[in-house]
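Heads up: the sequence shown begins at -3 in this note's numbering, then just goes up one per residue.
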Amino acid sequence: MSEDQTVRHVCGISGGKDSAALAIYLKDVRKLTNVEYFFTDTGKELPEVYDFLERMESYLGTEIVRLGANRDFDHYLKLYGNYLPSPRQRWCTRELKIKPFERWIGDSQAVTYVAIRSDEPAREGYISTKSSIRAVFPFREDGVTRADVFRILEETVGIPAYYSWRSRSGCYFCFFQRRGEWLNLKKVHPDLYESAKQYEKTDPVTGKTYTWIQGLPLSELEAQDRPVFDGVLARSVKPKSWQDQLSTVAVRTPEMEAVLNGDGEDEGCLICHL
């Protein structure tokens, strides 16, 4: 990117903890005033996500632009032969998240701020194939960890409500959910659970089944004697001043280590879950 071009600075907010904390960090620590915040809306999000976005807008003092695909999830499901998205076939991420974002950027030169933390050395995140979009990683640059992310949220907008029963943001039928999280969805949002069940099909000709969990229909899952997922909040730590902690982030208590290494909630489609 040449210095004389107008460069857009953008930060995606997924509804998850990391991207929310990054947006706050850009405002409060890096003092950036020219960032455009956006949310790619699949139309299949949890209601808690929309509530949290409103709180974020209030705190940031600016609009979070809602981006949407040209067509809805059901259109693309039909287009992909009724194959439900899966870890190997993430067409939902491509069609409902990445393409709307890249259309919004258009031909602009852009810097996109990505919420990968310093304690996630193996993660890469979504990197655009467009040469006009450059990714930067403030949390990695400044040594911000998972424990810091929780402190940032606890001292500002609060932690998204769904973390009390779920480990990630994303669609209500996200195929990366643990089985215990599916059961929590049935308990907290029974209507959404039933909607997810309706997407599961058996092809009458081939006998092939299309299920969110490979080889296990939700109707069978709910009949199992299986523990539910406790939620990420059960393992979070009480905040100290997160701004003070940034300078001593390398000094970790046993409590912090347990939080940093304990839940594995960050698997999945990064553009959705950050």
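From the three backbone atoms N, C-alpha and C, an ideal C-beta is built for every residue, glycine too.
Note on the region 96 to 149: whole alpha helix (DSSP H) runs with a minimum of 4 residues are 134 to 138, in chain order. Distances from the CA of A157 to each of S215, H5, K13 were compared; the closest alpha carbon is that of K13. Taken through DSSP and simplified to helix, strand or coil, E32 comes out as strand. Beta bridge pairing from DSSP links T205 with T198. The region 43 to 97 contains, as complete beta strand (DSSP E) runs of 3+ residues, the segments 60 to 64 (chain order). Rounded to the nearest angstrom, the Cβ distance from F69 to G39 is 6 Å, consistent with a contact under 8 Å. According to DSSP, residue pairing for V6 in a beta bridge involves E32, T108.
For K27, the closest alpha carbon among the candidates D37, D47, H5, E91 is that of H5. Here L75 is actually not in contact with F35; their C-beta atoms are around 24 Å apart, not less than 8 Å. Of the residues G139, D115, V153, the one whose Cα lies closest to the Cα of G11 is V153.
As DSSP reads the structure, L212 sits in a beta bridge with I209.
Comparing alpha-carbon positions, the option among R130, P83, I112 lying closest to E137 turns out to be I112. By the CB criterion at 8 Å, C7 and Y46 fall outside the cutoff. The beta carbon of S104 sits closer than 6 Å to those of R4, all from its chain and outside the five residues before and after it, given in chain order. The DSSP-derived three-state label of D37 is strand.
One Cα belongs to I9, the other to A19, and the distance between them is close to 7 Å. R162 sits close to E177, with the two beta carbons spaced by under 8 Å.
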